[in-house]
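Enquirer: Per numbering that gives the first Met the number 0, residue 0 is the first one in the sequence shown, and the count goes up by one each step.
Where is the CB? At the ideal position from N, CA and C, for every residue including glycine.
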Amino acid sequence: MRSKLLTITIGNLGCIGNEGLTINLDNILCLVGDNNSGKSTVLRAYELAVGTQNYSYEKDYCKRSNGENTYIEISVHIPEATANIAEKWKEKQGDHLVVKSRWEWDQNGAKTRKTYDPELNDYSDDGNAAGLDNVFNSRLPVPFRIGALENPQGELKHLLKLIVDPIAENLRSDLDNKDSDLSKALEIFTTHARKPVEESKEIIEKINQRITNSHNKIFPNLSIDLNIGMSELKVDPLDALVRGSKLSIKEFNENIDWEQQGTGSQRALFWSLLQVRSRLQAVKNFKSDHEKKIKQIEKEIKKLEGERDKSKTDPTKQTKQNLIDEKQAELDAAKKVEAEKAIDERDSGMSLPGYMLLIDEPEIALHPNGIRAASRYLYELANDPSWQVMLTTHSPLFIDPFEDHTTIVRLSRNEGNPSPKTYRSDEISFSKEEMDNLKLLNNFDQNLSEMFFGQYPIIVEGDTEYASFDTIMRLSPDKYHINCKPILIRARGKYTIIPIIKMLSHFKVSFSVLHDCDYPKNRKGNINTAWSGNDNIYEQIKISRKMGIRVVHRVSISTFEVAHDKIDLDNDGIYISSSPKDKPWIMFKKINENEEIRKSVEAVLDELIDQNCNQEPFDKSFSESLKEKFETWVKNNEIKDSRFVI
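1. With burial defined as no fewer than 16 other Cβ atoms inside 10 Å of the residue's Cβ, what is the status of MET434: buried or exposed?
2. Under a Cβ-count criterion, where at least 16 other Cβ atoms within 10 Å of its own Cβ denotes burial, should SER577 be classed as buried or exposed?
3. At which residue ranges does the region 418-496 contain complete alpha helix (DSSP H) runs of 4 or more residues, listed in the order of the chain?
4. With which residues is PHE397 paired in a DSSP beta bridge?
5. Alpha carbon to alpha carbon, how far is ILE427 from THR421?
6. Could you pull out every unbroken alpha helix (DSSP H) segment of at least 4 residues lying fully inside the region 534-615, listed in chain order?
7. Tell me whether LYS309, by its Cβ, gets closer than 6 Å to a heavy atom of the ligand SAH.
8. According to DSSP, simplified to helix, strand and coil, what is LYS520?
9. Does DSSP classify LEU377 as helix, strand or coil?
10. Between MET546 and SER504, what straight-line distance do the alpha-carbon atoms span, to the nearest angstrom?
11. With which residues is PHE647 paired in a DSSP beta bridge?
12. How would you label TYR354, buried or exposed, when you count the other beta carbons within 10 angstroms and need 16 or more for buried?
13. Using the C-alpha atoms, what's the distance from LYS580 back to LYS588?
14. Output yes or no for whether 7 Å exceeds the beta carbon distance between VAL98 and ILE71.
15. So, is THR69 buried or exposed, given that buried needs 16 or more other C-beta atoms within 10 angstroms?
16. Would you kindly work out how many angstroms separate the C-alpha atoms of TYR518 and MET586, rounded to a whole number?
17. DSSP beta-bridge partners for PRO142?
18. Tell me the DSSP secondary structure of LYS113 in three-state form.
19. Where does the unbroken beta strand (DSSP E) through TYR70 begin, and where does it stop?
20. When the distance is taken between beta carbons, is VAL551 closer than 7 Å to LEU607?
21. With DSSP run on the structure shown, which of helix, strand or coil describes PRO56?
22. If distances are taken between C-alpha atoms only, which option among GLU297, ALA184 and LYS335 comes closest to LEU322?
23. Is the separation between the beta-carbon of ILE84 and that of THR405 shorter than 7 Å?
24. Could you check what DSSP says for GLU79 in three-state terms: helix, strand or coil?
25. What are the residues that DSSP puts in a beta bridge with GLN387?
26. Runs of 4 residues minimum, wholly inside the region 168-224: which ones carry the alpha helix (DSSP H) assignment?
27. According to the neighbour-count rule (16 or more other Cβ atoms, all chains shown, within 10 Å of its Cβ), is GLN208 buried or exposed?
28. Can you pull the DSSP bridge partners for CYS29?
29. Which residues share a DSSP beta bridge with SER100?
30. Counting beta carbon pairs with one atom in the region 110-122 and one in the region 321-336, are three or more of them shorter than 8 Å?
31. Excluding the 5 residues flanking CYS14 on each side, which residues of the same chain have their C-beta closer than 7 Å to its C-beta?
32. Is the Cβ-Cβ distance between GLU432 and THR391 less than 7 Å?
33. Looking only at its chain, what residues have a beta carbon closer than 6 Å to the beta carbon of LEU232, apart from the 5 residues adjacent to it on each side?
34. Would VAL282 and ALA338 be called neighbours here (beta carbons separated by less than 7 Å)?
35. Below 8 Å on the Cβ atoms is my contact criterion, and I expect TYR45 with PRO142 to pass it. Report the Cβ-Cβ distance as a whole number of Å.
36. Taking only the alpha-carbon atoms, compute the straight-line gap between GLY261 and LEU365 and give it to the nearest angstrom.
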């Protein structure tokens with residue numbers, strides 16, 4: 000059972016003003032958004048609250064604030080029976096026992112903490128509510144921060160110290176034992192080291208006499224005594240082991256120093272070192288605490304032995320001896336404890352603080368495949384009950400919106416204070432088929448996650464629309480400036496449009512949808528499910544609009560390429576369809592060569608982007624209007640194909 004951070008609220012810190020910013024967390028929190036939108040401020044806020052970083056008014060205070068104190072509030076799940084945290088401070092919220100605390104810093108940097116009292120429905124005036132700061136903070140998830148430009152050498156040094164410390168401790172014990180081989184060898188070495196001093200005794204005496212003669216010319220009654228000797232040779236085993244140790248990487252049967260690896264490789268290894276170090280540190284802390292426990296038991300045994308020896312009656316002596324036997328059994332059992340095994344048993348059976356990895360831009364210096372691997376690594380780490388992950392990123396490849404227990408927060412600063420848009424994977428429901436389609440789409444086109452990064456999203460059905468709109472924007476770069484270009488989301492199929500609409504609606508952002516209406520029947524004369532899909536998409540759009548989301552909806556009659564050119568028919572009026580794989584290339588050529596087609600495509604793109612246009616393509620009922628328009632189009636184009644007959 001581990002403590003877990005649930006919510007953090009920040010005010011008057013960095014670019015976040017007194018309006019405040021509240022972020023909800025899960026196993027992994029992905030913070031996205033433009034530069035200077037407050038992403039790293041969220042990570043720093045947790046460090047400040049826990050106390051691993053010191054507050055600086057000049058560095059941390061929000062310049063837009065009007066003298067109000069910087070404040071950070073956190074809600075954290077503290078498991079039942081956690082030592083030194085009374086149950087009265089815990090508020091039952093679902094499966095969690097939530098303790099809420101608030102830290103404030105004034106302009107002098109003075110820090111105060113208050114804890115929320117569920118009985119008072121307010122923060123307690125008792126500054127030490129829920130324990131002293133150092134006690135309370137020790138129950139919170141332990142932060143490990145990796146900055147965007149972190150130097151991995153420091154982390155390697157910490158890790159090496161933990162690895163070699165047991166070896167160094169054994170060496171220290173040998174050095175303290177005068178009868179050990181190491182201690183005797185060092186004594187022999189010291190004796191040999193002193194020989195040159197002894198051999199130079201006459202030279203030293205002559206130099207001493209010269210100094211004395213010169214000094215006596217001024218102070219004739221004083222003499223000088225120059226002592227040259229060898230001090231006791233000291234050996235620091237830990238320092239020597241760290242200096243003599245290094246980490247290298249084997250590549251093509253050659254050992255290469257870590258420093259010679261690329262930045263991306265170093266950073267990836269950095270995360271592994273940090274995770275291993277946290278485990279080794281836990282082992283070291285356990286051993287230290289366990290040794291104290293053993294010494295305490297030994298102390299109690301000695302005390303009982305003294306009381307036994309002073310006892311005047313046999314029954315009293317026997318009582319003391321029984322207590323000694325119990326303590327001796329406890330001592331024997333304690334000495335048999337293996338730290339690694341004990342930690343695993345302890346972690347599964349008692350309440351402990353978890354770990355919080357705070358990492359800035361993990362994609363820096365990584366190859367795309369490296370980004371994908373690193374993303375998978377961090378998601379797997381976040382699924383470990385001991386860990387939570389908060390990361391900032393500018394890479395869509397680092398986000399998996401379909402992973403359970405994932406929260407994605409986009410921060411933007413259109414009006415000064417960061418405003419969040421939140422997507423939580425556990426709070427949106429998909430059918431199994433929808434989820435399978437989305438996961439397949441995400442595997443095929445990982446830029447699907449780019450929809451979370453701030454550009455206006457336009458959902459299109461496939462590659463033809465994508466290639467056409469992208470070509471239009473490239474031909475008019477001034478009109479479609481790179482900072483204002485929409486993000487084109489390829490659903491790669493009509494049935495994937497609906498779950499993507501659900502995702503964007505859950506994220507509470509406005510968006511546009513363009514899809515083909517297709518034709519009413521298939522070749523066998525049965526109802527074409529693609530035609531039925533028009534109403535399904537429209538119904539999902541209506542749900543989004545009821546949530547207060549603006550959705551611009553447009554339909555191509557009957558397909559995108561036909562809507563902007565002409566339909567190809569044979570002599571009998573039967574539709575001739577080109578190969579799907581050729582459609583993007585054909586439209587690309589036509590847009591570049593035919594101004595009328597280019598203007599037609601551009602007009603639709605502009606409507607999809609326009610925030611003031613009508614949201615629906617028809618003034619009346621969608622189904623009836625689509626049917627009427629389609630029938631008119633079929634008649635005007637003299638189509639005889641039975642698939643087009645409603």
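Expert: Checking against the coordinates, here is how it stands:
1. Numbered from 1 along the sequence shown, position 435 holds the residue referred to as residue 434. With fewer than 16 other Cβ atoms within 10 Å, it is exposed.
2. Taking the first residue of the sequence shown as 1, we reach residue 577 at position 578. So SER577 counts as exposed.
3. 431-443 and 462-474
4. Counting from 1 along the sequence shown, the entry for residue 397 is found at position 398. Bridge partners of PHE397: none, in fact.
5. Position 428 of the sequence shown holds residue 427. Position 422 of the sequence shown holds residue 421. Distance between the alpha carbons of ILE427 and THR421 is about 12 Å.
6. Runs found: 559-562, 582-592 and 594-608.
7. In the structure on display, the ligand SAH does not appear, and there are no ligands present to speak of.
8. The residue given as residue 520 occupies position 521 in the sequence shown. In the structure shown, LYS520 sits in a strand (DSSP, three-state: E or B).
9. In the sequence shown, counting from the first residue as 1, residue 377 sits at position 378. Looking at LEU377 - three-state DSSP - the assignment turns out to be helix.
10. As a first step, residue 546 is located in the sequence shown; it is residue number 547 there, counting from the start. As a first step, residue 504 is located in the sequence shown; it is residue number 505 there, counting from the start. Each residue's alpha carbon lies about 8 Å from the other.
11. With the chain covering 0 to 645 only, the question about residue 647 has no answer from this structure.
12. Start at 1 with the first residue of the sequence shown, and residue 354 comes out as number 355. It is buried - the Cβ of TYR354 has at least 16 other Cβ atoms within 10 Å.
13. Looking up residue 588 in the sequence shown gives position 589. Looking up residue 580 in the sequence shown gives position 581. Taking the Cα positions, LYS588 is about 14 Å away from LYS580.
14. Here residue 98 refers to the residue found at position 99 of the sequence shown. Here residue 71 refers to the residue found at position 72 of the sequence shown. Contact: no.
15. Counted from its first residue, the sequence shown places residue 69 at position 70. So THR69 counts as buried.
16. Position 519 of the sequence shown, counted from the start, is the residue given in the question as residue 518. Position 587 of the sequence shown, counted from the start, is the residue given in the question as residue 586. Their Cα atoms are separated by approximately 21 Å.
17. As a working mapping, residue 142 is identified with position 143 in the sequence shown. Looking at the DSSP assignment, PRO142 forms a beta bridge with MET355.
18. For the purposes of this step, residue 113 is taken as the residue at position 114 of the sequence shown. Strand.
19. Taking the first residue of the sequence shown as 1, we reach residue 70 at position 71. It spans 69-76 - the beta strand (DSSP E) in which TYR70 sits, taken as one unbroken run.
20. Position 608 of the sequence shown holds residue 607. Position 552 of the sequence shown holds residue 551. In contact: LEU607 and VAL551 (Cβ atoms closer than 7 Å).
21. Within the sequence shown, residue 56 is the residue found at index 57, counting from 1. It should be noted that the sequence gives Tyr, not Pro, for residue 56. It is helical.
22. Taking the first residue of the sequence shown as 1, we reach residue 322 at position 323. Per the Cα distances, GLU297.
23. Taking the first residue of the sequence shown as position 1, residue 84 is located at position 85. Taking the first residue of the sequence shown as position 1, residue 405 is located at position 406. Their beta carbons are not under 7 Å apart, which means ILE84 does not touch THR405 by this criterion.
24. Stepping through the sequence shown from its first residue, residue 79 is reached at position 80. Correct three-state label for GLU79: coil.
25. Taking the sequence shown and counting its residues from 1, the one referred to as residue 387 is at position 388. Answer by DSSP bridge pairing, in chain order: MET355.
26. 180-198 and 200-215
27. The count along the sequence shown starts at 1 and reaches residue 208 at position 209. Result: exposed.
28. Mapped onto the sequence shown, residue 29 falls at position 30. BP columns for CYS29 point to LEU390 and ILE407.
29. Residue numbering aside, residue 100 sits at position 101 when the sequence shown is read from its first letter. ILE73 and THR114.
30. no
31. Residue numbering aside, residue 14 sits at position 15 when the sequence shown is read from its first letter. Excluding residues within five positions, the ones whose Cβ falls inside 7 Å are ASN35, GLY37, THR40, CYS61, ARG412 and PRO417.
32. Reading the sequence shown from its first residue, position 433 is the one you call residue 432. Reading the sequence shown from its first residue, position 392 is the one you call residue 391. For GLU432 and THR391, no; Cβs fall outside 7 Å.
33. Position 233 of the sequence shown holds residue 232. Excluding residues within five positions, the ones whose Cβ falls inside 6 Å are THR189.
34. The sequence position of residue 282 within the sequence shown is 283, counting from 1. The sequence position of residue 338 within the sequence shown is 339, counting from 1. Yes. Within cutoff.
35. Numbered from its first residue, the sequence shown carries residue 45 at position 46. Numbered from its first residue, the sequence shown carries residue 142 at position 143. With 8 Å as the limit, TYR45 and PRO142 qualify as a contact, their Cβ atoms being about 6 Å apart.
36. In the sequence shown, the residue the question calls residue 261 occupies position 262. In the sequence shown, the residue the question calls residue 365 occupies position 366. Cα to Cα, the separation comes out at about 9 Å.
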